[in-house]
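Going by the UniProt record's numbering, the first residue of the sequence shown is number 1, and it counts up by one from there.
Ideal Cβ positions, reconstructed from N, Cα and C, are used throughout, including at glycine.
Report on the following structure.
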Amino acid sequence: MNEDYNFKNNISKHNVLIICLSIHHGNTMKIARVISKKLNADLKKPSEVKKDDLNDYDLIGFASGIYNGKHHADLFKLIKEFEMQKNKKAFIFSTASVKYIKMHTALKKELTAKGFDVIDEFMCRGFMNYSFIKYFFGGINKNRPNKKDLLRAEEFAADIKDKLSI
């Protein structure tokens, strides 16, 4: 038996965690709720997670809006506190004013350095109205994430379930 087989057969409804930080408009939290529901996952902010909490989970999602080209600094601070992980699967998702998946690179690198196996990533646009954008345009990506984005998030979670047979 390989490790994937053991992992697939040990997933239960209580060992999936999503760590999400959603600040300005709740864009990322909208996506997190959809994914959390589909995966029957616990949903916590980084400030609510203790490093020992990871022992209770086999699959962990990491999410935030994108700030200056990467995930929120609080996610990186939390990950630095973690011990080296073994047989721990992870996935990444985000919302951003511009959809460019390479914005996940820094977080993926940190997770991999801590021993996580990053199995998938999801990104969609989110409403943004700060900086000069607010004053000149009233914001961009109004009404995002929208129903189509939420459906894509649900499909993303379903794909994870299929991959891991959970």
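Looking from the CA of residue 57, the closest CA among 44, 74 and 31 belongs to 44. In the assembly as shown, residue 160 is a buried residue. Its beta-carbon has 16 or more other beta-carbons within 10 Å. The straight-line gap separating the alpha-carbon atoms of residue 55 and residue 47 is approximately 17 Å.
For the pair residue 60 and residue 147, the Cα-to-Cα distance works out to about 25 Å. In the three-state scheme derived from DSSP, where H, G and I count as helix and E and B as strand, residue 71 is classed as strand. In this structure residue 149 is buried. Its beta-carbon is surrounded by 16 or more other beta-carbon atoms within 10 angstroms. Apart from the 5 residues on each side of it in sequence, residue 156 sits with its Cβ closer than 8 Å to the Cβ of 35, 93, 120 and 122 in its chain, given in chain order.
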